[in-house]
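Chemist: If you scroll down you'll find the structure; I have some questions about it.
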Amino acid sequence: GQQVMQIPQYQHVQEGEDFTTYCNSSTTLSNIQWYKQRPGGHPVFLIQLVKSGEVKKQKRLTFQFGEAKKNSSLHITATQTTDVGTYFCAGDYNFNKFYFGSGTKLNVKP
Amino acid sequence: EAQVTQNPRYLITVTGKKLTVTCSQNMNHEYMSWYRQDPGLGLRQIYYSMNVEVTDKGDVPEGYKVSRKEKRNFPLILESPSPNQTSLYFCASSLSSGVGAQYFGPGTRLLVL
Numbered sequence: 004g005q006q007v008m009q010i011p012q013y014q015h016v017q018e019g020e021d022f023t024t025y026c027n028s029s030t031t032l033s034n035i036q037w038y039k040q041r042p043g044g045h046p047v048f049l050i051q052l053v054k055s056g057e058v059k060k061q062k063r064l065t066f067q068f069g070e071a072k073k074n075s076s077l078h079i080t081a082t083q084t085t086d087v088g089t090y091f092c093a094g095d096y097n098f099n100k101f102y103f104g105s106g107t108k109l110n111v112k113p
Numbered sequence: 099e100a101q102v103t104q105n106p107r108y109l110i111t112v113t114g115k116k117l118t119v120t121c122s123q124n125m126n127h128e129y130m131s132w133y134r135q136d137p138g139l140g141l142r143q144i145y146y147s148m149n150v151e152v153t154d155k156g157d158v159p160e161g162y163k164v165s166r167k168e169k170r171n172f173p174l175i176l177e178s179p180s181p182n183q184t185s186l187y188f189c190a191s192s193l194s195s196g197v198g199a200q201y202f203g204p205g206t207r208l209l210v211l
């Protein structure tokens, strides 16, 4: 079946360092969404990417969608302790069924 | 306040005892979905609904049933729960299928003994 692979599984950074998580699909995606889940919380929507090669920024967060629409990344510049949580990508192949990556758990040391 | 609500939040049950987890949204969203979250596996989609009376299987539908009789409600039914259905369950809704943010409920933690 369809699958979205996400790496790394864990990332420990010092506050102020950058962080990147990557998602990859073997087949072309219709779109990809990114979510953040704080410990004990529920996933919270960050962004949706639809177009090939799309790049979107939200303050210190930069999201990219690959040219072939098979991969995506989330980059956080100068991490803060408030960035702690697990980041998930969710790939959509036909605009109705979502496949989540396994998540990257980010820990930020002050 | 725009929200997705789930009940119960915590549930301990025994194998074979039918249960229903309710989900309700007040945003007039067309698309609703159920996910289960297990350590190391991320979220896996169980069932989704693109509108009233329209439901379809997600990635892991075995052992679950759903119904969508009203736009706001999307209950998840476990007719004969088994221990491998012990998990954290999330309901989510979005304006339309595959478009825009999915809003997640607070989650239901289920333990099947």
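Same order as they appear, the protein sequences are chains A and B. Take 4 as the starting number for the first sequence in the working numbering and just add one per residue. Take 99 as the starting number for the second sequence in the working numbering and just add one per residue. Heads up, the beta-carbon is just placed ideally off N, CA and C, and yes, glycines get one too. In this text the structure is predicted, and so the values were computed from the model without any measurement.
Taking beta-carbon pairs under 8 Å, can you tell me which members of the region 126 to 159 of chain B lie near chain A?
Modeler: Within the region 126 to 159 of chain B, the qualifying residues are Y129, S131, Y133, G138, L139, G140, L141, R142, Q143, Y146, M148, D154, G156, D157.
Chemist: Within 10 angstroms of its Cβ, does P181/B collect 16 or more other Cβ (buried), or is it exposed?
Modeler: For the purposes of this step, residue 181/B is taken as residue 83 along the second sequence, with counting starting at 1. The residue in question, P181/B, is exposed, as its Cβ has fewer than 16 Cβ neighbours within 10 Å.
Chemist: Between K54/A and the rest of its own chain, which residues show a CB-CB distance below 8 Å, the 5 nearest in sequence each way excluded?
Modeler: For the purposes of this step, residue 54/A is identified with residue 51 of the first sequence, where counting begins at 1. So the list reads F68, once near-sequence residues are dropped.
Chemist: Which class does Q183/B belong to by DSSP, given the choice of helix, strand or coil?
Modeler: Here residue 183/B corresponds to residue number 85 of the second sequence, with the count starting at 1. Here Q183/B sits in helix by DSSP.
Chemist: Under a CB-based cut-off of 8 Å, is P204/B close to chain A?
Modeler: Position 106 of the second sequence, counting from 1, holds the residue named residue 204/B. Answer yes: the Cβ-Cβ gap between P204/B and chain A drops below 8 Å somewhere.
Chemist: Any beta-carbon of chain A closer than 8 Å to the one on A199/B?
Modeler: In the second sequence, counting from the first residue as 1, residue 199/B sits at position 101. Answer yes: the Cβ-Cβ gap between A199/B and chain A drops below 8 Å somewhere.
Chemist: Cβ of Y187/B within 8 Å of Cβ of G161/B?
Modeler: Indexing the second sequence from 1 puts residue 187/B at position 89. Indexing the second sequence from 1 puts residue 161/B at position 63. No.
Chemist: To the nearest angstrom, report how far apart S76/A and K115/B are at their CA atoms.
Modeler: On the first sequence, residue 76/A is found 73 positions in, with the first residue counted as 1. On the second sequence, residue 115/B is found 17 positions in, with the first residue counted as 1. Their Cα atoms are separated by approximately 43 Å.
Chemist: Is the region 7 to 18 of chain A touching the region 100 to 113 of chain A in the sense that three or more CB pairs, one from each, lie closer than 8 Å?
Modeler: Touching, yes.
Chemist: Compare the C-beta of G106/A against all C-beta atoms of chain B and say whether one is closer than 8 Å.
Modeler: The sequence position of residue 106/A within the first sequence is 103, counting from 1. Cβ-Cβ to chain B under 8 Å: yes for G106/A.
Chemist: Quick check: the Cα distance between E151/B and Q83/A, rounded to an integer number of angstroms?
Modeler: Taking the first residue of the second sequence as 1, we reach residue 151/B at position 53. Taking the first residue of the first sequence as 1, we reach residue 83/A at position 80. Cα to Cα, the separation comes out at about 45 Å.
Chemist: Quick one: grab the DSSP three-state call for D154/B.
Modeler: Mapped onto the second sequence, residue 154/B falls at position 56. DSSP places D154/B in strand when its eight states are reduced to three.
Chemist: Once the 5 residues before and after Y201/B are set aside, which same chain residues still bring their CB inside 8 Å of it?
Modeler: Residue 201/B sits at position 103 when you count from the first residue of the second sequence. Once the five neighbours on either side are set aside, the close Cβ partners of Y201/B are A100, Q101, V102, Q123, M125, H127, A190, S191, S192.
Chemist: Using 8 Å as the threshold, is the C-beta distance between S194/B and R166/B below it?
Modeler: What you label residue 194/B is simply residue 96 of the second sequence in a count that begins at 1. What you label residue 166/B is simply residue 68 of the second sequence in a count that begins at 1. It is not a contact, given that the beta carbons lie outside the stated cut-off.
Chemist: Using a Cβ-Cβ cut-off of 8 Å, state whether G196/B counts as contacting chain A.
Modeler: Residue numbering aside, residue 196/B sits at position 98 when the second sequence is read from its first letter. It does: the Cβ of G196/B has a partner Cβ on chain A nearer than 8 Å.
Chemist: What beta strand (DSSP E) runs, 3 residues minimum, are completely inside the region 4 to 66 of chain A?
Modeler: Listed in chain order, the complete beta strand (DSSP E) runs (minimum 3 residues) inside the region 4 to 66 of chain A are 7 to 10, 13 to 17, 22 to 28, 34 to 40, 47 to 52, 58 to 61.
Chemist: So what's T85/A in DSSP terms, helix, strand or just coil?
Modeler: Position 82 of the first sequence, counting from 1, holds the residue named residue 85/A. In the structure shown, T85/A sits in a helix (DSSP, three-state: H, G or I).
Chemist: Taking Cβ-Cβ distances shorter than 8 Å, what residues in chain A pair up with F188/B?
Modeler: On the second sequence, residue 188/B is found 90 positions in, with the first residue counted as 1. The answer, in chain order, is H45, P46.
Chemist: List, in chain order, every chain B residue whose beta-carbon is nearer than 7 Å to that of S33/A.
Modeler: Locating residue 33/A in the first sequence gives position 30, where the first residue counts as 1. Within chain B, the residues near S33/A are G196.
Chemist: Rounded to a whole number of angstroms, what is the C-alpha to C-alpha distance between T23/A and V112/B?
Modeler: The residue labelled residue 23/A in the question sits at position 20 within the first sequence. The residue labelled residue 112/B in the question sits at position 14 within the second sequence. Going from the Cα of T23/A to the Cα of V112/B covers about 42 Å.
Chemist: Any idea what DSSP makes of T120/B, helix, strand or coil?
Modeler: Along the second sequence, one-based indexing puts residue 120/B at 22. Correct three-state label for T120/B: strand.
Chemist: Going by C-alpha to C-alpha distance, which of A71/A, G88/A, H78/A sits closest to Q61/A?
Modeler: Indexing the first sequence from 1 puts residue 61/A at position 58. Answer by Cα proximity: H78/A.
Chemist: Suppose you measure from the CA of K112/A to the CA of A199/B; what does that come to, to the nearest Å?
Modeler: If you number the first sequence from 1, residue 112/A lands on position 109. If you number the second sequence from 1, residue 199/B lands on position 101. Cα-Cα distance, rounded: 30 Å.
Chemist: Under 7 Å Cβ-Cβ, which residues of chain B neighbour Q14/A?
Modeler: Position 11 of the first sequence, counting from 1, holds the residue named residue 14/A. Under the 7 Å cutoff, chain B gives no residues; its nearest Cβ is about 15 Å from Q14/A.
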